[in-house]
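Report on the structure given below.
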Amino acid sequence: MTSVPVSSSPRLIHSSGYRERRRFDALVNFRDLGGHETETGRFTRRGVIYRADGVQRCTPADVAQFESFGVKRVVDLRTAHERVSDGSFDPRHPSIEYRHVPLLDDVSGIGEIAHDEPLVVSYLQMINDSSGRIVEAVNAVVGSPGPVVFHCTAGKDRTGVLAALLLRSVGVPHDVVVADYAKSHAAMDCLVAWYVANRASVGAPLTAVAPDDHQRRRLMGAEPRWMAKVLEVLERRHGGAERYLLGAGATPSTLRALRTRLVQ
0 MTSVPVSSSP RLIHSSGYRE RRRFDALVNF RDLGGHETET GRFTRRGVIY RADGVQRCTP
60 ADVAQFESFG VKRVVDLRTA HERVSDGSFD PRHPSIEYRH VPLLDDVSGI GEIAHDEPLV
120 VSYLQMINDS SGRIVEAVNA VVGSPGPVVF HCTAGKDRTG VLAALLLRSV GVPHDVVVAD
180 YAKSHAAMDC LVAWYVANRA SVGAPLTAVA PDDHQRRRLM GAEPRWMAKV LEVLERRHGG
240 AERYLLGAGA TPSTLRALRT RLVQ
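Note that numbering that gives the first Met the number 0 numbers the sequence shown so that position 55 is 54, with each residue one more than the last.
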């Protein structure tokens, strides 16, 4: 496994249309899971759980930003191949733990299904086929000794599914979870442009999966209806996110700890 020094990451040019309260040199799809009202009128706590795109690109200033947030753990949802081709957050960092919990063995099949909405099918396959790994990722997030960041490559697909499960499990309404997922759409243009520009140096899994502009536009969106469909199927087949996680092996104490940590 290759650890890329944070200082070696090419700078990412931010899209003028994307406004994130916390700005980074190398991250465009970073946000807090806090600030959402739940179905019981409480709110998810800010500064506890963050979601992101490729943390392996972080510059020293970005890592300093993590430290200022009190981040104690980074949970990497990418494949082993992505870690080799793109590098990873330095696991030797003195104050931030690194955990690798790959939700998939291979990303080459994401969105390749002949279907009008291929990412919906891919997300549902992930939920069905990777349930044990999803529970492992939930455990890594909940068990962090402090604030935690979980990420994949774009911060949209694997990260989006895990974020949706966490938020729905603590009672954040369906439409709010869908809206949170859709926020990723604005970040994708600059992220894809960065991968195309740096294809030779970073391995560019995005361009490998979607080599032409049409495919990239199709796969790099974050349409609200996609996550809405996934949540509807999750409710119908499993009785919702919490029951799905329990059925996949999460313990009641883990889900209680998630609620205690994330909801105020």
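Don't be surprised by glycine CBs; every beta carbon is placed ideally from N, CA and C. Keep in mind that this is a model prediction, so the values were computed, not measured.
Sequence-distant residues of its chain with Cβ nearer than 8 Å to residue i (five each side left out)
i	result
Ala-221	Lys-155, Gly-159, Tyr-180, Ala-181, Lys-182, Ser-183, His-184, Met-187
Thr-37	Thr-43, Val-169, Gly-170, Val-171, Pro-172, Val-262
Delimiting residues of the alpha helix (DSSP H) encompassing residue i
i	result
Ile-309	Absent from the structure is residue 309, since the part of the chain shown begins at 0 and ends at 263.
Ala-185	No alpha helix (DSSP H) contains Ala-185, which DSSP labels as neither H nor E.
Ala-63	59-68
Asp-104	Looking at the DSSP string, Asp-104 is not in any alpha helix (DSSP H), and its letter there is neither H nor E.
Arg-236	223-237
Ala-153	Premise fails: Ala-153 is in no alpha helix (DSSP H) and is neither H nor E.
Pro-251	251-261
Residue of the options minimising C-alpha distance to residue i
i	options	result
His-35	Gly-142, Gln-64, Arg-45	Arg-45
Val-141	Asp-24, Ser-252, Gln-263	Ser-252
Glu-231	Ile-95, Asp-128, Val-119	Val-119
Gly-33	Pro-117, Ala-162, Val-27	Ala-162
Glu-96	Ala-51, Ala-139, Leu-257	Ala-139
Cβ shell of residue i (< 6 Å), same chain only, five flanking positions each side left out
i	result
Cys-151	Leu-76, Arg-77, Arg-157, Thr-158
Arg-167	Val-176, Ala-240
Asp-31	Arg-45, Tyr-49
Neighbourhood of residue i by C-beta distance below 7 Å, restricted to the same chain and skipping five residues each side
i	result
Leu-244	Val-134, Val-137, Leu-164, Ser-168, Leu-254
Gly-53	Asp-85, His-150, Thr-152
Ser-129	Leu-102, Leu-103
Ser-6	A caution first: Ser-6 carries a pLDDT of 38, below 50, which makes its placement in the model unreliable, though a value can still be read off. Around Ser-6: Thr-58, Pro-59.
Residue i versus residue j: straight-line alpha-carbon distance, rounded
i	j	result
Gly-248	Cys-57	33 Å
Gly-202	Ala-192	Model confidence at Gly-202 stands at a pLDDT of 47, short of 50, so the residue's coordinates are unreliable; what they give is reported in the following sentence. Straight-line Cα distance between these residues: approximately 14 Å.
Asn-127	Ala-25	32 Å
Phe-29	Val-62	13 Å
Pro-59	Arg-236	44 Å
Phe-23	Pro-117	31 Å
Gly-40	His-80	42 Å
Arg-258	Ala-51	21 Å
Segment limits, beta strand (DSSP E) that includes residue i
i	result
Ala-273	Any property of residue 273 remains undetermined from this structure, which presents the chain solely from 0 to 263.
His-150	147-150
Asp-75	72-75
Residue-chain proximity (residue i, chain C), Cβ-Cβ < 8 Å
i	result
Arg-22	No chain C is present in this structure, which holds just one protein chain.
Query raised in the report: When the Cβ atoms of the stretch 136-148 are set against those of the stretch 62-72, are three or more pairs found closer than 8 Å?
Result: yes
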